[in-house]
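So the sequences go chain by chain: A and B.
Counted the way my numbering counts, the first sequence spans residues 1 to 349.
Counted the way my numbering counts, the second sequence spans residues 1001 to 1349.
Glycine included, each C-beta is placed from N, C-alpha and C at the ideal position.
All values derive from a computational prediction rather than experimental measurement.
Note sheet for the following structure.
Number of protein chains: 2
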Amino acid sequence: MENDRLNAGKSITIYDIAAEAGVSASTVSRVLNGSASVRKEKKDRIQSIIDKYNFKPNALAKGLSDTATKTIGIIAADVRNPYYSALFVACEIAAEKAGYSVGLANSLGVKEREQAQLDILLQQKVDAIIQMGGRVDDLITDDAYAEKVRAVCASTPVIVTGKLDKAPVHRVVIDEAKGMNLVMEHLIGLGHHKIALVGGEMRVASTFYKYQRYEDNLKAHGIKVNGEYVVNGYYDPESGYDATNKILKLEDRPTAIIAINDFAASGALRSIREHGLRVPEDISVVSFDNTYIADLMSPKLTSIDYNYDKYGQKLIDTAVAVSAGKEVEDLQMVDPVLVIRDSTGICYN
Amino acid sequence: MENDRLNAGKSITIYDIAAEAGVSASTVSRVLNGSASVRKEKKDRIQSIIDKYNFKPNALAKGLSDTATKTIGIIAADVRNPYYSALFVACEIAAEKAGYSVGLANSLGVKEREQAQLDILLQQKVDAIIQMGGRVDDLITDDAYAEKVRAVCASTPVIVTGKLDKAPVHRVVIDEAKGMNLVMEHLIGLGHHKIALVGGEMRVASTFYKYQRYEDNLKAHGIKVNGEYVVNGYYDPESGYDATNKILKLEDRPTAIIAINDFAASGALRSIREHGLRVPEDISVVSFDNTYIADLMSPKLTSIDYNYDKYGQKLIDTAVAVSAGKEVEDLQMVDPVLVIRDSTGICYN
DNA sequence: TATGTAATTGAAATCGGTTTCAGACAGTCC
DNA sequence: GGACTGTCTGAAACCGATTTCAATTACATA
């Protein structure tokens, strides 16, 4: 008992196991990893001692002597956004299957944090870094940031979900163009011609790409682009609310609204309701991300889904492959899917 | 150049710095940590070389020789639930201020995962483990699980957000009783007597405690407890929806519904709307957690808030203090607050 | 029984830091 | 000048694993 107290905090090591088994640490290590053959009788004895103490080798020591830590660091913009939490959990599950564990840091969109977190992950000797959202999504890459990432890439593979060029990263990105095409085809197929776009910043690449396809699709259908129908903002409910308020004041009201994400869509819904209009009878609403929010709203939102499980799997596969020195495509695409729910309907106007 | 390529993946060490500065590694270490005095001129020279290479010491090696890793492991039930993501980010920010970094693992409510994650964190030599949600919330502690936690506690402090007894953990929990008191006072103050409770499992301690106070408050106001008004379930929208459907079919309909969390409340709102009733004119709705969902709904939800920033801060403060060997209260409480929005109103029936 | 080969095993080096310990050196005081 | 003090500094041990290398043992074959 008193001995227990004295030992508090001191955990058991491979040498303790070796001593109790009357063998060397090398042999215990071999049993632990199955890295070389050990005489059956001896192996069983050692294994039973390992089990008895539920001994788990110190990951720090292991990481120090091995070349790999079997750890992947993930920097997300903000897990409080369900888009990132869904993607993170998908990565975690995929990583686990591959025998890796993941760490999570939130950059909260602050450049200094992103850089500091890169440094921490580097110090922790993760085998790869996945950065989702934040600076890597900028349409125009910040030079200082690119320089930093380039330095990181020299020792650790970096996989990003955004457009970041100017650094030797691997990219696994959503095919935004395809997503917007799906949305536009859906709306135009329902007879909508007066389509608005709310929320999002043009400095964010994914938003900009969406906007491009929005224009392209309208033009392709001979529909004139109405500048008043595009009201940017951010990615939160307030932004969607404000933008929609502005749009609903227009003389020539649109019959459909595309929100940059589900948050913005929730604000749009509120604004529409407050204007005494119905969804989808008077106005259709579509959004991007298909987070659980889409399912919480009334009416439930038609939204573009990114198949988070597959997306996470692809990110981890890439991280694992690159860190193992395998050749992997620099750029991989993830196909979005349109999930049709109750917020879109035929245009009667 | 070719040299660069050869060195790819090999990062710079304290010995490289020492060699370039013409001193020993010990001296560089002293400059790095300010752990002992080094002659000014020499110190500056070493520092400039450190800066030049942006050298950051290998955290694995450091953790191996130090007693602490300045790392805190967090096991959450599921960060996709905004309750946990809010709390996690609060912890991350608080940890950062204290010079710690945090890791995140999701147990997803699976016992085997919780145990495996405890083992991984132990191997990674985190200075403390914070477990939020999952098994630690059980009203009746699982013996095998308690045994596991007890073993973990022998080497690493564990802080939990739930009721887990039977293991020498530290607990920082929400004062559920106070929360439910606030809710009941609010509703009864608005004239409600027929109050229903939807969602949640009684095997979860926090839910059970809420139920107890629900009963207590009714009795204290001389209101008879109606068993039909309590419909348990889980913590998702569907559960709230199903439970509310059941309740709205009753002859003697309640005038207020308390949902176990914002998710369940969103389902309740949907059911109420589908029954052609209005919130709060016909029925008031209150919920717990005050996640951003409460703000997304129409009407916006009146909900119990846990002050996540302070809660996270308290968790980290406790983790840091305990791992430093300081004496800390075994049980600390966090006070909830009622945030009144648009889903509750005076009872006219 | 002698010999060759394959299977086992442990000593020692290594990973990249920190820290103790003792020696070198400089400055102060009689 | 000698003794004493205090400041700097590096060598070496240590943290807990893995792995190389060489030695030992076991076993099959001639």
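Sorted by chain position, which residues of the same chain lie with C-beta nearer than 8 Å to residue i's C-beta, five sequence neighbours on each side aside?
i	result
B:E1020	I1049
B:D1175	M1333, V1334, D1335, P1336
A:E185	N217
B:A1324	none
A:I340	H186, T302
B:V1023	K1042, I1046
A:N7	Because A:N7 sits at a pLDDT of 42, beneath the cut-off of 50, its placement in the model cannot be relied upon, and the following sentence gives the value as read from the coordinates. No residues qualify anywhere along the chain.
Does any CB atom of chain B fall closer than 9 Å to the CB of residue i?
i	result
A:L104	yes
A:I49	no
A:T255	no
A:F263	yes
A:Y292	yes
A:S239	no
A:S85	yes
A:R45	no
A:C78	Note that residue 78 of chain A is Asp in the sequence shown here, rather than Cys. Output row for A:D78: interface = yes.
A:S287	no
A:S11	yes
A:S266	yes
A:S155	yes
A:Q131	no
A:K125	yes
Per the DSSP calculation, residue i is bridged to which residue(s)?
i	result
B:T1071	B:S1101
B:I1258	B:L1197, B:V1286
A:T302	A:V286
B:V1079	B:V1079 pairs with nothing; no bridge assigned.
B:N1106	B:A1076
B:H1170	B:I1159
B:A1128	B:I1072
B:M1333	B:V1173
Sorted by chain position, which residues of the same chain lie with C-beta nearer than 6 Å to residue i's C-beta, five sequence neighbours on each side aside?
i	result
B:A1068	D1127
B:Q1131	I1075, V1160
A:L118	V152
A:P299	V279, D342, S343
B:L1190	I1346, C1347
Looking at residue j and residue i, is the spacing between their C-beta atoms short of 9 Å?
i	j	result
A:R213	A:N181	yes
A:V328	A:I72	no
A:V286	A:I258	yes
A:E199	A:I260	Note on identity: in this sequence residue 199 of chain A is Gly, with Glu being the wrong assignment. Cβ atoms of A:G199 and A:I260: closer than 9 Å.
B:N1290	B:D1262	yes
A:A105	A:G312	no
B:L1087	B:L1315	yes
A:T255	A:C347	yes
A:S11	B:L1122	yes
B:Y1292	A:R80	yes
Near residue i, which residues of its chain fall below 7 Å by C-beta distance, leaving aside the five closest residues on each side in sequence?
i	result
B:P1057	I1014, L1032
A:R135	K111, E114, D142, Y145
A:A177	Y209, R213
A:G63	T69, K125
A:E201	T207, N232, Y234
A:A205	D137, D138, L139, G162, K163
B:E1238	G1267
Any beta carbon from chain A within less than 9 Å of residue i's own beta carbon?
i	result
B:M1297	yes
B:Q1313	no
B:Q1352	In the structure as shown, chain B begins at 1001 and stops at 1349. Residue 1352 of chain B is therefore absent and cannot be evaluated.
B:A1151	yes
B:P1280	no
B:R1359	Missing from the structure shown is residue 1359 of chain B; chain B here goes from 1001 to 1349 and no further.
B:R1135	no
B:L1269	yes
B:K1042	no
B:N1054	yes
B:M1001	Residue confidence for B:M1001 is low, a pLDDT of 26 falling below 50, so the modelled location carries little weight; the figure read from the coordinates is stated next. For B:M1001, the answer is no, since every Cβ of chain A falls outside 9 Å of its Cβ.
B:R961	There is no way to answer for residue 961 of chain B, as the model of chain B reaches only from 1001 to 1349.
Selection of the stretch 87–100 of chain A by Cβ proximity to chain B, strictly under 9 Å: F88, V89, E92, I93, E96
Under 8 Å (Cβ pairs) to chain A, residues found in the stretch 1169–1197 of chain B: none
Near-chain B residues of the stretch 57–68 of chain A (beta-carbon distance less than 9 Å), N- to C-terminal order: P57, N58, A59, L60, A61, K62, G63, L64, T67
Contact residues within the stretch 109–122 of chain A, judged by C-beta distance below 8 Å to chain B: D119, I120, L122
Contact set between the stretch 315–342 of chain A and chain B, restricted to residues whose Cβ is under 7 Å from the partner: none
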